[in-house]
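A.B. asks: Residue numbers (the working numbering): 729 to 1181. Even for Gly, the Cβ is constructed at its ideal location relative to N, Cα and C. Since we're looking at a predicted model, the values are computed, not measured.
1. To which residues of the same chain is residue 874 closer than 7 Å at the C-beta, ignoring the five residues directly before and after it?
2. My assumption, with CB atoms under 8 Å, is that residue 1052 sits in contact with residue 1068. Please give the rounded CB distance.
3. Taking a contact to mean a Cβ-Cβ separation below 9 Å, would you say residue 886 touches residue 806 in this structure?
4. Skipping 5 residues on each side, what residues in its chain have a beta carbon closer than 6 Å to that of residue 988?
5. On the CB-based measure, 16 or more other CB atoms within 10 Å of its CB, does residue 1136 come out buried or exposed?
6. Between residue 1149 and residue 863, what straight-line distance do the alpha-carbon atoms span, to the nearest angstrom?
7. Check this for me: beta carbons of residue 1037 and residue 972, under 9 Å apart or not?
8. May I ask you to list the residues that DSSP assigns as paired with residue 936?
9. Where does residue 782 sit, in a helix, a strand or coil, going by DSSP?
10. Give the secondary structure of residue 859 by DSSP, where H, G and I count as helix, E and B as strand, and everything else as coil.
11. If you draw a straight line from the C-alpha of residue 731 to the C-alpha of residue 1070, how long is it?
12. Could you tell me the distance, in whole angstroms, from the CA atom of residue 757 to the CA atom of residue 1000?
13. Go ahead and label residue 1157 buried or exposed: buried means 16 or more other beta carbons lie within 10 angstroms of its beta carbon, across all protein chains shown.
14. Assuming residue 936 and residue 1107 are in contact, meaning their beta carbons sit under 8 Å apart, how far apart are those beta carbons, in whole angstroms?
15. Can you tell me whether residue 1080 is helix, strand or coil according to DSSP?
16. Nearest-angstrom Cα distance between residue 764 and residue 788?
17. Taking residue 747 as part of the beta strand (DSSP E), name the residues at either end of that continuous run.
18. Tell me residue 733's beta-bridge partners as DSSP assigns them.
19. With a Cβ-Cβ cutoff of 9 Å, do residue 723 and residue 947 count as a contact?
20. Distance, Cα to Cα, residue 943 vs residue 1081?
21. Could you tell me how far apart the beta carbons of residue 778 and residue 741 are, in whole angstroms, since I believe they sit closer than 8 Å?
22. Using a Cβ-Cβ cut-off of 8 Å (strictly less than) and excluding sequence neighbours within five positions of residue 923, which residues of its own chain qualify?
23. What residues match up with residue 876 in a beta bridge as DSSP calls it?
24. Between which two residues does the beta strand (DSSP E) harbouring residue 950 extend?
25. So, does the CB of residue 1040 fall closer than 9 Å to a CB anywhere in chain C?
26. Helix, strand or coil for residue 1049 per DSSP?
27. Quick one: grab the DSSP three-state call for residue 1113.
28. Would you list the one or two residues that DSSP bridges to residue 907?
29. Sort 1115, 984 and 945 by Cα distance to residue 964 and report the nearest one.
30. Considering only residues of the same chain and omitting the five flanking positions on each side of residue 1116, which have a CB-CB separation below 6 Å?
31. If you measure between the beta carbons of residue 780 and residue 896, is that distance less than 9 Å?
32. Relative to the C-alpha of residue 1085, which candidate in 877, 744 and 751 has its C-alpha closest?
33. Taking just the CA atoms, how far does residue 1064 sit from residue 813?
34. Sorted by chain position, which residues of the same chain lie with C-beta nearer than 7 Å to residue 958's C-beta, five sequence neighbours on each side aside?
35. Inspect the beta-carbon positions of residue 739 and residue 766 and report whether they are closer than 9 Å.
36. Beta-carbon separation of residue 784 and residue 900 under 9 Å?
Shown next, in the form of structure tokens:
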């Protein structure tokens, strides 16, 4: 069977990452990964496609040369900033009163994608929340299939925003001559790579604490209930440190990562210590560790107050039995889980990506900051992103032969099916439930793309 390749591109505000996986039958393995500092991106949205394309194209070219392939298709993410939540009810007469089908339910969801409020709006996801079948309410998608009724009513959570939210990303790949083979919201991808099935069922809030944004995704009874992106993150903390201490942002970022703490009261013996910075042209600078923690704490308070307000607004604050799961690059900040726990009262755990692949040779991906990248890969592995195209080595090799170049590079990495490490405490194992089909067929599926074209 011919080996094929799928490339994941994560265009973030802080970093652009490109990861290529090899597909052989049902086996998928990572074979290349590159990243670089982001250009032309703010709050996750591409505002300068030319700058973003230069960085992305350079990374893709490196991988092409390393693997000896031509990358023509990619899977990428949709930024969440500017996307709002609203509810929609759709009521229909059943096509066959004796048996409701998946085709009928999916047609209702496709209709939900067309319910825009104005010509500039685009619905990025229409997520079935529950159904009323006859006189029976709160029926799930799976349970509604096969029921008998003359009428059916679907309740949907619409994730909607301006058409331009994703247009910059589309221009990046258009400039590079590359097809977008599949896409999903970055925040949903991060949730897929970090959350446990039991957490999704019990009720959980994923908080992805990133550089320029902080994402919130709430699950309850295996269904996405609320999605929000706050346009503040770790970079705001870095700028606060730079301004207060009168140092460069690069130095402020380094100090934050090495000495930063979200809770001044947790410093213990370090509370009396100071960071000495030797100046080349200016006088030496001394920053008390406690003062640094106070700067960080003040901004964290502001960010998480806003996030917890949104959790209350969602209507699911009392249904989060599994509490909060924290990921994203800023999850590395010392005492951040204790800070969130003290502020919210919820149980909190940090979660690295838990995609079932071997990270040998690519251990860098086993980090909080790569949750969305590995999440997009997981959605491909699970078949929840319907690929419109993949790449193969044979086409590239044939092109090289025609050009008189018979040499190709074939670097392969052996990958096992072992889980990549256990993340902190694991809840008790429960019987695995049936996989919901609406996620693949509707939320990330081809029908959804067509409805939004």
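C.D. replies: In this structure, then:
1. 827 and 828
2. 6 Å
3. no
4. 1024 and 1061
5. With a pLDDT of 38 at residue 1136, under the threshold of 50, the modelled position of this residue cannot be trusted, and the question is left open.
6. Caution is warranted here: a pLDDT of 34 is assigned to residue 1149, below 50, making its placement in the model unreliable, and the coordinate value is therefore given only provisionally. Straight-line Cα distance between these residues: approximately 47 Å.
7. Not a contact, by the Cβ cut-off of 9 Å.
8. 943 and 1055
9. helix
10. strand
11. 50 Å
12. 49 Å
13. Its pLDDT being 39, under 50, residue 1157 is placed unreliably in this model, and the coordinates cannot settle the point.
14. About 16 Å; that fails the 8 Å criterion.
15. Note: residue 1080 maps to coil in three-state DSSP.
16. About 11 Å.
17. 743 to 752
18. 750 and 1119
19. The shown model of the chain, from 729 to 1181, leaves out residue 723, and the question about it has no answer.
20. Approximately 16 Å, taken between the alpha carbons.
21. Contact flag wrong, Cβ pair sits at about 17 Å.
22. 932, 934, 947, 1053 and 1079
23. DSSP, once it has assigned bridges, lists no residue as partnering residue 876.
24. That residue, residue 950, is in no beta strand (DSSP E); it is neither H nor E in DSSP.
25. No chain C is part of this structure, which consists of one protein chain only.
26. In the three-state DSSP reduction, residue 1049 falls in the coil class, being neither helix nor strand.
27. coil
28. 801
29. 984
30. 909
31. yes
32. It is 751 whose Cα lies nearest to the Cα of residue 1085.
33. 28 Å
34. Non-local C-beta neighbours of residue 958 in its own chain, meaning closer than 7 Å and more than five positions away in sequence, comprise 941, 942, 1031, 1034 and 1035, ordered along the chain.
35. yes
36. Their beta carbons are under 9 Å apart, which means residue 784 touches residue 900 by this criterion.
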